[in-house]
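Read the structure below first, then the notes.
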Amino acid sequence: MSMQPRPWPEVPEQTARMARAAFRKGNLATRIRDELGQVYEDGRFVAVFGVRGRPGISPAQLMIVSVLQFAEDLTDRQAAEAVRDRITWKYALGLELDDPGFDASVLSEFRARLVDGELSSLALDALLQRLAALKLVKAAGRQRTDSTHVLAAIRRLNRLELAGETVRAALEALSAAAPDWLTTVIDASWLDVYGARIDNLRLPASQTRRDELLLQYGRDGYHLLDAVHQPDAPPWLAEIPAVQALRRIWIQQFCGDTDSSGRREVRRRDPAPSGDGVPPARDRIASPYEHDARYATKRGKAWTGYKVHLTETCDPPEPRTASGSTGRGDHPNLITNVVTTAASTADNAMTATIHQQLADKNLTPAEHLVDSGYPSAHLLVTAARDHGITLIAPLLTDNSTQARAGNGYDKAAFTIDYDTHHSVCPQGHTSSTWTPTQSHGTDTIIVAWPRHTCQPCPVKPLCTTSDRRKIGLQPRDLHEAATTHRTQQNTSEWKTRYHTRAGIEGTIRQTTHVTGIRTARYRGLPKTTLEHTLAATAINIIRLDHYWTGKPLNRTRTTHLQRLNFTLAA
């Protein structure tokens with residue numbers, strides 16, 4: 035299918051007349067066109083469409099359809115039917131009333147082209163550019179970010195199911211790609227084991243039999259891997275994704291050694307020190323059909339899948355007198371950035387990435403409000419230095435034994451002098467060594483006191499349980515930034531500023547409720563990233579519609595129980 039850039043179509047007169055007759059005040063689809071005009075241009079999609087072949091559907095129109103689809107939480111089939119049946123959608127797309135629309139499979143193909151062409155962020159980026167031109171978003175304001183969990187579109191597998199289903203997935207792929215070759219590698223007995231989906235309900239109940247079956251899966255997997263790497267096997271077989279998944283999962287789950295007779299001995303991997311060791315959860319593949327999803331836990335919540343980070347504007351509301359005369363509503367908070375990662379990726383690993391992406395869009399905030407998972411002393415300094423961003427977030431306190439216990443001398447009790455490279459303990463003793471080093475790739479300074487000073491110290495139990503006290507310090511600029519920030523975050527003024535961050539929870543709830551963002555529709559990180567970008571764009575369109583029509587923003591709800599006044603009863 036080819037695509038030649040074409041101008042944004044005007045609304046046919048009959049379509050416009052019918053749309054105005056049916057909806058005198060319009061609706062979401064019609065207001066997108068009336069208020070925003072052309073948001074997407076065909077020219078931005080040229081790289082992912084061919085220049086030869088039959089003419090294709092306008093990708094700019096397909097992008098509008100995809101956004102509306104997520105705004106109304108429709109399936110591909112329902113969205114295609116809406117294009118054929120709804121006058122308002124035809125109005126938004128500039129179609130004739132008798133336009134036949136397109137097959138639902140076009141939307142799936144369109145998303146695949148966006149992912150392959152690395153245009154997953156185009157839906158949101160193009161909308162933000164249009165909104166910036168209309169002065170509805172701007173840089174140097176205030177924004178906030180938070181993340182939430184996303185379940186992958188897979189079923190949870192135990193270790194036995196994972197091994198069996200991985201072999202079955204590889205067999206299915208090889209059966210489709212090279213059936214004649216596969217019949218020379220396996221016999222009919224494999225159909226009894228792998229002919230149907232591996233499900234725990236049909237697996238043996240005996241632990242002994244389950245252990246034997248796991249090793250059988252392991253031997254069969256190694257047999258397939260050996261076969262595809264034989265000199266007489268087609269070399270492209272090893273590149274099939276299901277075979278690659280088999281190889282990676284077998285490295286994580288099994289050990290295979292060859293004895294003196296050339297026979298392979300297979301054993302399962304178990305945690306060290308008694309076993310051969312297993313990869314950490316953040317690296318383990320959870321399903322042969324989903325290579326990017328990872329297992330993670332956060333605040334007691336365990337899931338397998340992804341994590342999505344949403345950033346939105348949160349500037350103080352404009353005075354009501356300034357907007358009340360225009361018929362508009364309150365200025366909406368709009369999502370400016372979306373990042374999707376594996377579930378095991380820490381929040382603070384994405385802070386710098388989010389700042390850079392906002393800078394690339396010319397939407398760098400002056401203040402960025404995040405929770406305690408995002409900041410560090412290093413990020414406080416680099417955010418201000420590289421982007422002029424003031425990171426407003428509670429910095430975690432000292433996690434030493436003394437600080438956790440609340441009894442004894444923690445790091446804050448020591449006087450640090452970076453000029454003289456010395457530190458003085460609460461008892462007035464000066465350190466003996468000041469040693470710059472690196473710990474886990476991070477610059478650290480180890481400060482220690484002499485043993486002959488610490489051993490006879492009368493308050494040694496409050497200071498250390500070893501023979502002498504040692505403390506680890508960050509470089510001077512980081513230490514001073516962290517100390518200043520921790521002092522500020524205890525003030526009432528800082529807490530009042532930080533209170534605005536809580537509003538991002540409402541955005542996560544709206545995105546979850548309207549678009550189902552917490553359950554991935556598609557498999558793989560690239561497609562899930564596209565899904566989240568479309569979902570964020572749809573939420574922006576819904577909020578803009580409320581702004582255009584003067585609808586009040588949703589307020590925090592309180593129950594009748596919460597409104598009880600117990601002071602009157604007393």
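So for the sequence shown, the working numbering puts the first residue at 35; every next one is plus one. Note that CB positions come from ideal geometry on N, CA and C, so glycine has one too. Note that the coordinates shown come from a computational prediction; the quantities given were computed from them, not determined experimentally.
Contact annotation: residue 261 and residue 319 have beta-carbon atoms that are not nearer than 8 angstroms. In terms of Cα proximity to residue 231, the closest of 198, 251, 243 and 399 is 198.
Straight-line measurement puts the Cα of residue 247 at about 59 angstroms from the Cα of residue 531.
If you keep only unbroken beta strand (DSSP E) runs of at least 3 residues inside the region 473–533, you get 476–482 and 504–507. Cβ-Cβ distances below 6 angstroms link residue 522 to 528 in the same chain, with the five nearest sequence neighbours on each side left out; the list follows chain order.
Per DSSP, the beta bridge partners of residue 302 are 288. Residue 246: member of the alpha helix (DSSP H) spanning 241–262, first to last residue. Bridge pairing for residue 451: 456 [DSSP]. It is roughly 28 angstroms from the alpha-carbon of residue 133 to the alpha-carbon of residue 564. For the 8 angstroms CB-CB criterion, residue 557 and residue 323 form a contact. With 16 or more other Cβ atoms inside 10 Å of its own Cβ, residue 284 counts as buried. Inclusion of residue 349 and residue 462 in the CB contact set at 8 angstroms is not warranted, their separation being larger than that value. Rounded to the nearest angstrom, the Cβ distance from residue 157 to residue 101 is 6 angstroms, consistent with a contact under 8 angstroms.
Take residue 299, set aside five residues on each side of it, and the residues of its chain with a beta-carbon closer than 8 angstroms to its own are 290, 291, 292 and 293, in chain order. Looking at the backbone, the Cα of residue 394 and that of residue 379 are separated by about 22 angstroms. Inter-segment contact for the region 171–185 and the region 332–351 is present: three or more beta-carbon pairs are separated by less than 8 angstroms. With a beta-carbon spacing of about 6 angstroms, residue 468 and residue 479 fall inside the 8 angstroms limit used to define contacts. In this structure residue 579 is buried. Its beta-carbon is surrounded by 16 or more other beta-carbon atoms within 10 angstroms.
When rounded, the separation of the alpha-carbon atoms in residue 420 and residue 400 is 12 angstroms.
Around the beta carbon of residue 144, 16 or more other beta carbons lie within 10 angstroms, which makes this residue buried. Annotation: residue 517 to residue 370 spans about 31 angstroms, alpha carbon to alpha carbon. Under the 8 angstroms Cβ criterion, the region 66–84 does not count as touching the region 537–546, having fewer than three qualifying pairs. Taking 8 angstroms as the cut-off, the Cβ atoms of residue 377 and residue 339 count as close. Residue 182 holds the alpha-carbon nearest to the alpha-carbon of residue 553 among 481, 381 and 182. Here residue 139 carries a helix assignment [DSSP, helix/strand/coil].
The beta carbons of residue 515 and residue 411 sit closer together than 8 angstroms. Assigned with DSSP and collapsed to three states, residue 176 falls in strand. Going by beta carbons, residue 228 and residue 193 fall outside the 8 angstroms limit. 116 is the residue among 548, 512, 116 and 366 whose C-alpha sits nearest the C-alpha of residue 129.
Within its own chain, the residues whose Cβ lies closer than 8 angstroms to the Cβ of residue 332, once the five positions on either side in sequence are excluded, are 183, listed in chain order.
For residue 339, no alpha helix (DSSP H) encloses it; the enclosing beta strand (DSSP E) starts and ends at 335–347.
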